[in-house]
Every structure is written in structure tokens, then in C-alpha cells.
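Enquirer:
Residue numbers (my numbering): 442 to 617.
(1) Below 8 Å on the Cβ atoms is my contact criterion, and I expect residue 501 with residue 529 to pass it. Report the Cβ-Cβ distance as a whole number of Å.
(2) Using the Cβ count rule (16 or more neighbours within 10 Å means buried), how would you classify residue 493?
(3) Do you know offhand how far residue 499's Cα is from residue 603's?
(4) Taking all protein chains shown into account, decide if residue 561 is buried (16 or more other Cβ within 10 angstroms of its Cβ) or exposed.
(5) Looking only at its chain, what residues have a beta carbon closer than 6 Å to the beta carbon of residue 601, apart from the 5 residues adjacent to it on each side?
(6) Give the range of the alpha helix (DSSP H) segment to which residue 568 is assigned.
(7) Given residue 447, which residues of its chain have a CB within under 7 Å of its CB, disregarding the five upstream and five downstream residues?
Structure below.
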């Protein structure tokens, strides 16, 4: 696996290191030892799938509050998405900064998101599916979010119509 740290400390783009031949390729998508060697959370508590019918679907910006903060690793298994993270760690030099990456079924990139980050995405195609690996079990009482359009972060979403749930629109603007 090829780990490339993003400008937000602790968040990584992970690409498969392919072993190729005429049949195709083989690559590891997960290795707890390689994660632990880099100081990343290697725990795997559950896996989730998000299927999105329409291009422009925006989900986010979600996180889980202490004591159930979670690290996430995700990849696009069908279609494509514009994936966004925001650093909500108050003691971080990149507090309130955001980073984005295109994840597609074709590029097979994964994004590792450490605890203390909000996460969201915007689908770039109809019928986009995302596979998540989570370090913590879901605790609805600790589910939180920040507004996807909060000027405190200044996230630049892709132009076009957006489909946003009432729940995601209901998050308060933050003063973080």
C-alpha cells in the first residue's frame, strides 16, 4: 500500500501497490500492521456501504463525538465522488482547514480519516457507492455534524445541483 499524507496531519490517501501480470493485478487494501507502524488507528469495528442514486447527492459533514470518536477509511466501489474532510481538532495547526480528493471506482484510491475530523462527500455520477471501514461502532447519541456550507470552513463544493437531506441542512453553523 502506498500512503501519502494530506496537508491535514494524520489524514492519508492510500493507493494500492499493484502486483500486475497479464491476468490483471493483486493488491492489499488493508493491513493493520502497516497502519499501526504509521501511528494510524488499525482497529476495525464495522464496515458500512453508502449507495447514492443521483449525481449531486451531498452527505455530510458528519463525525462522532467523544468518547466514541472514529477513524474512517473509505473507497468508492462504483461511480465517483468528491470527498471532503475538515479538521475539527482544536489543538491542531490545521484546525478548521479542509481537504478534498476525487475517489473513483477506477482510481481505487482510499482516504484514511483520523478521529476528530468531519467527513462528507458529493457524488459525481448517478449510482455511486462508497465502502467504509470504521474503527468504532456507531453510537447515535454521539452522532454530530457541521454544516457543509459553513463559512467557518469555506469548503468549495463542485458546481451543480445538490441533493442534501433535511438532517444535514439542520446542522448549526459553527463558531469553532
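Glycine included, each C-beta is placed from N, C-alpha and C at the ideal position.
Please read these numbers as outputs of a predicted model, since none were measured by experiment.
Expert: On the basis of the data shown:
(1) Between residue 529 and residue 501 the Cβ distance is about 12 Å, and since that is not below 8 Å, they are no contact.
(2) buried
(3) 6 Å
(4) buried
(5) 497
(6) Taken as a continuous stretch (DSSP letters only), residue 568 belongs to no alpha helix (DSSP H), as it is neither H nor E.
(7) 453, 454, 540
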